[in-house]
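Q: Chains as they are written, first to last, in this note's numbering: chain A, 1392 to 1547; chain B, 1392 to 1547.
There are 2 protein chains.
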Amino acid sequence: MAIYPPSQAGTVALTASPKTSQVSVPHRRTRRDHASETAEDYVEAIAQIVNERSACRVVDLAGHFAVSHVTVSRILSRLESLGLVETQRYQPVKLTRQGLKLASRSKERHDTVYEFLIALGVSPKTAAIDTEGIEHHVSPETLRRLRAFTRRRGQA
Amino acid sequence: MAIYPPSQAGTVALTASPKTSQVSVPHRRTRRDHASETAEDYVEAIAQIVNERSACRVVDLAGHFAVSHVTVSRILSRLESLGLVETQRYQPVKLTRQGLKLASRSKERHDTVYEFLIALGVSPKTAAIDTEGIEHHVSPETLRRLRAFTRRRGQA
DNA sequence: GCCAAATCGTAGCCATGGCTACAAACCCAA
DNA sequence: TTGGGTTTGTAGCCATGGCTACGATTTGGC
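#1: Of all the CB atoms in chain B, is at least one closer than 8 angstroms to the CB of ARG1538/A?
#2: Does the CB of VAL1434/A have a neighbour CB from chain B at under 8 angstroms?
#3: Determine the direct distance from the alpha carbon of GLU1477/A to that of GLU1471/A, and round the result to whole angstroms.
#4: Would you verify that the beta carbon of THR1503/A is, or is not, closer than 8 angstroms to some beta carbon of chain B?
#5: Are the beta-carbon atoms of LEU1511/A and ARG1536/B separated by less than 8 angstroms?
#6: Please classify SER1427/B as buried or exposed, where buried requires at least 16 neighbouring CB atoms within 10 angstroms.
#7: Below 8 angstroms between beta carbons: does that hold for ARG1496/A and VAL1529/A?
#8: Got a sec: is the Cβ-Cβ distance from VAL1450/B to anything in chain A below 8 angstroms?
#9: Taking ARG1469/A as the reference, give the member of GLU1526/A, ALA1518/A, PHE1507/A, VAL1434/A with the closest Cα.
#10: Using only the alpha-carbon positions, how far apart do MET1392/B and GLY1524/A sit?
#11: Since THR1517/B meets chain A, which of its residues come closer than 8 angstroms, beta carbon to beta carbon?
#12: Would DSSP call VAL1450/B helix, strand or coil?
#13: With distances taken Cα to Cα, identify the nearest neighbour of ILE1437/A among PHE1456/A, HIS1425/A, ASP1424/A.
#14: Please list, in chain order, the chain B residues whose beta carbon lies closer than 7 angstroms to that of SER1514/A.
#15: Using three-state DSSP, classify VAL1513/A as helix, strand or coil.
#16: Does the Cβ of GLY1474/A have 16 or more other Cβ atoms within 10 Å, making it buried, or fewer, making it exposed?
#17: At a Cβ threshold of 8 angstroms, is HIS1425/B touching chain A?
#18: Determine the chain B residues that contact GLY1545/A at a beta-carbon separation under 9 angstroms, and present them in chain order.
#19: Is the distance from the Cβ of ALA1453/B to the Cβ of SER1445/B below 8 angstroms?
#20: Would you check if the distance between the CB atom of GLU1532/B and the CB atom of VAL1504/A is smaller than 8 angstroms?
#21: Verify the CB distance criterion: does GLY1490/B have a CB-CB separation below 8 angstroms to chain A?
#22: Would you say LEU1390/B lies against chain A (beta-carbon separation less than 8 angstroms)?
#23: For the putative contact between LEU1467/A and VAL1484/A, defined by C-beta atoms under 8 angstroms, what is the C-beta separation to the nearest angstrom?
#24: Taking beta-carbon pairs under 8 angstroms, can you tell me which members of the region 1447 to 1475 of chain B lie near chain A?
#25: Whose Cβ in chain B lies nearer than 9 angstroms to the Cβ of LEU1508/A?
#26: Taking buried to mean at least 16 other C-beta atoms within 10 Å of its own C-beta, is GLU1443/A buried or exposed?
#27: State the Cα-Cα distance for the pair ASP1502/B and CYS1447/A, rounded to the nearest angstrom.
#28: Can you check DSSP and say which residues form a bridge with GLU1477/B?
#29: Looking only at its own chain, which residues have a Cβ that is under 8 angstroms from the Cβ of ASP1451/A, when we skip the five neighbours before and after it?
#30: Take VAL1463/B and list the residues in its own chain whose beta-carbon comes closer than 6 angstroms to its own, dropping the five residues that flank it on each side.
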């Protein structure tokens, strides 16, 4: 989703800058900002795991995403270079202030989408799965509409 | 989105099979089926371009996605090996029967999501952008709910 | 018919996220 | 304290999708 511009502050470039600066055509979506999505998924997961178990280890994330610890480790390096997490060899992972901010924004959006799907009548299981995929692609405008719908439903 | 199982027939594995067969944990989404999304985007674009201009060239796709012709060319190779398109050096791209099937399924889902967002009250511009990102992550169940909502709205 | 422009392919680079295999650090328990 | 299990890191592989540079093919206009 590439961190929608009108979002809160603390926005960072979540991908390494390519050698040659591109023409930056937002024309059609600039080609999957996959790396940004990963960043959001990870900070969100870290925040959640810290909440549940007080500390987040590499293995926890590996389990969470069902990938090898190596993959987690390398992604954490990237996130560290982006200033989202702090790591120390063989120590638990911590979120930076920026990472926390991104995590809470991501969680909020995640919850909004999930609750909307539930309000729409989707089963909890499917809603959980679909939310995972959808959340990164919902603009602030659409997000407002989803919230409005969920609110209306809750009252009716 | 990995071609949801309950979909129509003609389903293919849209990614190269890894050397070591994985444990296949659909647990958490198995890690972005990014390649499948690309496949869907491309067959859908090809179908659209063929409709508009009667033939689809590599350059057309490059323009459509705002990427270099090299990227398009390589992706087309992959799609060809998947049996979705037929290419001949310096000739227009054609969809196979399988490619056509996938394209129509993708378009249908795309339209469903777009019309839903419009019915929700999202602006056409934003709806178009968000649909691009969302469409690959909507399950058949959610799709049915979206359709139901749009129908209701249309009548009310 | 021929040359230039447009189109396309190949080579080769990069970033990202998968993996296995192996080595290092850490920590608890005997 | 020492030994083994758990946790991490490193090396090195692969697939995908970005790119530039350069060469080949096709095609249209003169």
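Just so it is clear, CB atoms sit at the ideal spot from N, CA and C, and this is done for glycine as well.
A: In brief:
#1: Counting from 1 along the first sequence, the entry for residue 1538/A is found at position 147. Not an interface residue.
#2: Counting from one through the first sequence, the residue named residue 1434/A turns up at place 43. Output row for VAL1434/A: interface = no.
#3: Locating residue 1471/A in the first sequence gives position 80, where the first residue counts as 1. Locating residue 1477/A in the first sequence gives position 86, where the first residue counts as 1. Whole-angstrom Cα-Cα distance: 6 angstroms.
#4: What you label residue 1503/A is simply residue 112 of the first sequence in a count that begins at 1. For THR1503/A, the answer is no, since every Cβ of chain B falls outside 8 angstroms of its Cβ.
#5: Here residue 1511/A is taken as the residue at index 120 of the first sequence, counted from 1. Here residue 1536/B is taken as the residue at index 145 of the second sequence, counted from 1. Cβ distance < 8 angstroms, so LEU1511/A and ARG1536/B count as in contact.
#6: The residue you call residue 1427/B lines up with position 36 of the second sequence. Buried: at least 16 other Cβ atoms inside 10 Å.
#7: Numbered from its first residue, the first sequence carries residue 1496/A at position 105. Numbered from its first residue, the first sequence carries residue 1529/A at position 138. Here ARG1496/A is not near VAL1529/A, since their CB atoms are 8 angstroms or more apart.
#8: Locating residue 1450/B in the second sequence gives position 59, where the first residue counts as 1. For VAL1450/B, not one C-beta of chain A is nearer than 8 angstroms to its own C-beta.
#9: Here residue 1469/A refers to the residue found at position 78 of the first sequence. Comparing Cα-Cα distances from ARG1469/A to each of GLU1526/A, ALA1518/A, PHE1507/A, VAL1434/A, the minimum goes to VAL1434/A.
#10: Counting from 1 along the second sequence, the entry for residue 1392/B is found at position 1. Counting from 1 along the first sequence, the entry for residue 1524/A is found at position 133. Any reading at MET1392/B needs caution, since the residue's pLDDT is 35, under 50, leaving its predicted position unreliable; the model's value is listed next. Cα to Cα, MET1392/B sits roughly 8 angstroms from GLY1524/A.
#11: By one-based count along the second sequence, residue 1517/B stands at place 126. Under the 8 angstroms cutoff, chain A gives SER1530, GLU1532, THR1533.
#12: Here residue 1450/B corresponds to residue number 59 of the second sequence, with the count starting at 1. Correct three-state label for VAL1450/B: helix.
#13: Translated into positions along the first sequence, residue 1437/A becomes position 46. Just measuring C-alpha positions, the residue of PHE1456/A, HIS1425/A, ASP1424/A sitting nearest ILE1437/A is PHE1456/A.
#14: Along the first sequence, read from residue 1 onward, the residue named residue 1514/A stands at position 123. Taking a Cβ-Cβ threshold of 7 angstroms, the residues of chain B close to SER1514/A are GLU1532, in chain order.
#15: Position 122 of the first sequence, counted from the start, is the residue given in the question as residue 1513/A. DSSP places VAL1513/A in coil when its eight states are reduced to three.
#16: Start at 1 with the first residue of the first sequence, and residue 1474/A comes out as number 83. Exposed, since its Cβ has fewer than 16 Cβ neighbours within 10 Å.
#17: Start at 1 with the first residue of the second sequence, and residue 1425/B comes out as number 34. Chain A contact via Cβ: present.
#18: Along the first sequence, read from residue 1 onward, the residue named residue 1545/A stands at position 154. Result: empty, since nearest Cβ-Cβ is about 16 angstroms, beyond 9 angstroms.
#19: Position 62 of the second sequence, counted from the first residue, corresponds to residue 1453/B. Position 54 of the second sequence, counted from the first residue, corresponds to residue 1445/B. Result no, Cβ atoms of ALA1453/B and SER1445/B do not sit closer than 8 angstroms.
#20: If you number the second sequence from 1, residue 1532/B lands on position 141. If you number the first sequence from 1, residue 1504/A lands on position 113. No, the Cβ-Cβ distance between GLU1532/B and VAL1504/A is not below 8 angstroms.
#21: Within the second sequence, the letter at position 99 stands for residue 1490/B. Chain A contact via Cβ: absent.
#22: It is not possible to answer for residue 1390/B, since the shown part of chain B is limited to 1392 through 1547.
#23: Here residue 1467/A is taken as the residue at index 76 of the first sequence, counted from 1. Here residue 1484/A is taken as the residue at index 93 of the first sequence, counted from 1. Rounded to the nearest angstrom, the Cβ distance from LEU1467/A to VAL1484/A is 6 angstroms, consistent with a contact under 8 angstroms.
#24: From the region 1447 to 1475 of chain B, only HIS1455, PHE1456, ALA1457, VAL1458 have a Cβ closer than 8 angstroms to chain A.
#25: For the purposes of this step, residue 1508/A is taken as the residue at position 117 of the first sequence. Using a Cβ-Cβ cut-off of 9 angstroms, LEU1508/A is close to THR1533, ARG1536 of chain B, given in chain order.
#26: Here residue 1443/A corresponds to residue number 52 of the first sequence, with the count starting at 1. GLU1443/A should be labelled exposed.
#27: If you number the second sequence from 1, residue 1502/B lands on position 111. If you number the first sequence from 1, residue 1447/A lands on position 56. Rounded to whole angstroms, the gap between the alpha carbons of ASP1502/B and CYS1447/A is 41 angstroms.
#28: The sequence position of residue 1477/B within the second sequence is 86, counting from 1. BP columns for GLU1477/B point to LYS1485/B.
#29: On the first sequence, position 60 is the one that residue 1451/A refers to. Non-local beta-carbon contacts of ASP1451/A in its own chain, meaning distances under 8 angstroms to residues more than five positions away in sequence, involve ILE1440, ARG1444 in chain order.
#30: Mapped onto the second sequence, residue 1463/B falls at position 72. Correct list, in chain order: VAL1449, LEU1452, ALA1453.
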